[in-house]
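Residue numbers (this note's numbering): 18 to 129.
Even for Gly, the Cβ is constructed at its ideal location relative to N, Cα and C.
Below: one structure, written as structure tokens.
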């Protein structure tokens with residue numbers, strides 16, 4: 018019984034010593050925590066902002082590229098999803114159709 022009490026007191030003493038040690042470590046690194054967290058938070062914010070801006074830039078670039086495809090205004094464009102263009106079916110409505118040699122405008126007075 019007395020041995021168990023000594024063991025319990027010894028364990029409590031070890032826990033108290035460990036907690037004091039942790040307290041000392043935390044107090045010693047505390048001056049560095051605020052600047053480190055500040056820099057990390059702003060770094061994360063800048064990375065997220067950079068990613069959003071890059072995604073928007075790429076989306077606008079892709080949209081401009083897609084709007085150069087002339088198929089919808091071509092006289093040969095059928096609008097049927099089985100055969101979009103009887104003249105150039107392999108490149109219809111793709112980026113390869115941007116400089117299609119067979120393009121003829123539906124609107125003869127307009128030019129691309």
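In this structure residue 92 is in contact with residue 122, their Cβ atoms being roughly 7 Å apart against a cut-off of 8 Å.
In the three-state reduction of the DSSP assignment, residue 122 falls in the strand class. DSSP places residue 100 in no alpha helix (DSSP H); its state is neither H nor E.
Collapsing the DSSP output to three states places residue 88 in a helix. Rounded to the nearest angstrom, the gap between the Cα atoms of residue 63 and residue 82 is 28 Å. Here DSSP, grouped into helix, strand and coil, assigns residue 38 to helix. Residue 104 is positioned such that its CB atom lies closer than 8 Å to that of residue 119. Note on geometry: alpha-carbon atoms of residue 67 and residue 26 lie some 56 Å from one another.
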